[in-house]
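In what follows, a single structure is set out as structure tokens and then discussed.
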Amino acid sequence: MATNAPAVTPPRSRQPRPFAASHPADAWFFPGLIAIIWLIMLIGFVPEVVQRMNSDAEPFPLVIHAHAVVYFGWLTFLASQVVLVRTGNIAWHRRMGTVGVAMAIAVIILGPAAALTQQLSHVARQPPQFLGLQFANVIVFGGFVIAALALRVQPAAHKRLMVVGTLALIGAGFGRVVRLVTGAPPPSTLIPGVYIAANVLLLAIAIHDYRTRGRLHPVFLPAAALFVGSELVVGLLLRSPAWIGFTRALVG
4 MATNAPAVTP
14 PRSRQPRPFA
24 ASHPADAWFF
34 PGLIAIIWLI
44 MLIGFVPEVV
54 QRMNSDAEPF
64 PLVIHAHAVV
74 YFGWLTFLAS
84 QVVLVRTGNI
94 AWHRRMGTVG
104 VAMAIAVIIL
114 GPAAALTQQL
124 SHVARQPPQF
134 LGLQFANVIV
144 FGGFVIAALA
154 LRVQPAAHKR
164 LMVVGTLALI
174 GAGFGRVVRL
184 VTGAPPPSTL
194 IPGVYIAANV
204 LLLAIAIHDY
214 RTRGRLHPVF
224 LPAAALFVGS
234 ELVVGLLLRS
244 PAWIGFTRAL
254 VG
């Protein structure tokens with residue numbers, strides 16, 4: 004005699020919760036992050052600029068000044084974009100995107116140009132192989148800016164990629180902060196400056212996401228892996244006899 008067995012409901016697969024595009028804590032976290040970046044750069048560069056202005060040192064070539072203006076211009080642009088979003092001016096935030104693209108291109112061009120000029124003029128504080136670090140910084144920056152532009156319709160991803168890309172630019176500033184605090188000569192302060200500040204702020208983004216959403220944003224792990232991976236590649240490059248020989252021959 005047949006019996007009617009109770010229907011078995013298959014277990015539901017647990018879908019991950021969607022990552023919330025915004026959270027009340029974002030309103031202070033990201034402006035705070037940009038403020039920290041500004042503080043690092045100002046503490047790192049302003050004392051050196053003042054000291055140089057009060058000395059008899061030869062003026063820097065024009066490309067160095069242009070490089071400084073463009074880098075701080077990028078930070079100004081980034082801060083203004085955060086303020087526009089914070090105040091609800093999304094339309095202006097989008098209109099300013101064209102300015103950001105132009106600024107990013109200028110950063111990518113003038114960063115290596117300034118580094119090469121310093122080496123060719125023999126006024127750089129680090130040996131020629133450190134060109135690899137300086138070139139890598141703008142490549143990483145450019146890659147993240149391109150990714151951020153591609154994902155501009157996803158505000159949470161766009162915001163994080165823009166900030167992570169900017170972290171690639173703060174090493175020179177924090178290296179000078181390390182030198183001010185420790186008195187250590189360059190280039191011994193350059194690698195700690197590049198790695199420590201950027202990675203601490205990268206970790207801060209991860210902690211913020213966990214505290215506010217309970218998980219990382221989907222773009223964060225790939226972005227962090229690429230960021231840290233580039234640091235490891237640069238570390239190998241700086242010790243490469245082939246690269247050292249090439250850069251020494253390049254600058255004479």
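The sequence shown maps to residues 4 to 255 in the numbering used here.
All C-beta atoms in this analysis are idealised placements derived from N, C-alpha and C, irrespective of residue type, glycine included.
Next on the checklist: Less than 8 angstroms between C-beta atoms, sequence neighbours within five positions excluded: which residues of the same chain meet that for Ile-39?
Outcome noted: Leu-204
Next on the checklist: For Glu-51, report the span of its alpha helix (DSSP H) as first-last.
Outcome noted: 29-56
Checklist entry - How would you label Met-4, buried or exposed, when you count the other beta carbons within 10 angstroms and need 16 or more for buried? => result The predicted position of Met-4 is uncertain, since its pLDDT is 48 and thus under 50; no value can be drawn from it.
Item to check | For Thr-250 and Gln-132, believed in contact at Cβ under 8 angstroms, the rounded distance | outcome: 5 angstroms
Item to check | Cα-Cα separation, Gly-100 to Gln-121 | outcome: 31 angstroms
Checklist entry - In three-state terms, what does DSSP make of Gly-91? => result coil
Checklist entry - From what residue to what residue does the alpha helix (DSSP H) around Met-99 run? => result No alpha helix (DSSP H) holds Met-99; DSSP gives it neither H nor E.
Checklist entry - Can you round the beta-carbon distance between His-220 and Phe-22 to whole angstroms, since I take them to be within the 8 angstroms contact cut? => result 5 angstroms
Next on the checklist: One question on the structure: do Gly-145 and Trp-246 come within less than 8 angstroms of each other, judged by their Cβ atoms?
Outcome noted: Between Gly-145 and Trp-246, the gap from beta carbon to beta carbon reaches 8 angstroms or more.
Checklist entry - Nearest-angstrom Cα distance between Gly-176 and Phe-147? => result 20 angstroms
Next on the checklist: What does the Cβ neighbour count give for Asn-140, buried or exposed, with the cut at 16 atoms within 10 Å?
Outcome noted: buried
Next on the checklist: Quick check on DSSP: helix, strand or coil for Asp-59?
Outcome noted: coil
Checklist entry - On the premise that Gly-174 lies in contact with Ala-200, defined as a C-beta separation below 8 angstroms, what is that separation, rounded to the nearest angstrom? => result Contact annotation, Ala-200 with Gly-174: C-beta distance approximately 7 angstroms; criterion of less than 8 angstroms satisfied.
Next on the checklist: Would Leu-113 and Ala-69 be called neighbours here (beta carbons separated by less than 8 angstroms)?
Outcome noted: yes
Checklist entry - Thinking C-beta only, is Val-167 closer than 8 angstroms to Ala-226? => result In this structure, Val-167 lies closer than 8 angstroms to Ala-226 by Cβ.
Item to check | Collapsed DSSP secondary structure at Phe-22 in the structure displayed | outcome: Three-state DSSP puts Phe-22 in coil, outside helix and strand.
Item to check | Which of helix, strand or coil DSSP assigns to Ser-3 | outcome: Residue coverage of the chain in this structure runs from 4 to 255, which leaves residue 3 outside it and unanswerable.
Checklist entry - Leaving out five residues before and five after Arg-97 in sequence, what residues of the same chain have Cβ atoms less than 7 angstroms from its Cβ? => result Hits under 7 angstroms: none found.
Item to check | Distance CB(Ala-207)-CB(Leu-36) smaller than 8 angstroms | outcome: yes
Next on the checklist: For Gln-30, tell me which candidate among Phe-48, Val-85, Gly-47, Ile-43 has the shortest Cα-Cα distance.
Outcome noted: Looking at the sequence provided, one finds Ala at residue 30 rather than Gln. Of the candidates Phe-48, Val-85, Gly-47, Ile-43, the one whose C-alpha sits nearest the C-alpha of Ala-30 is Val-85.
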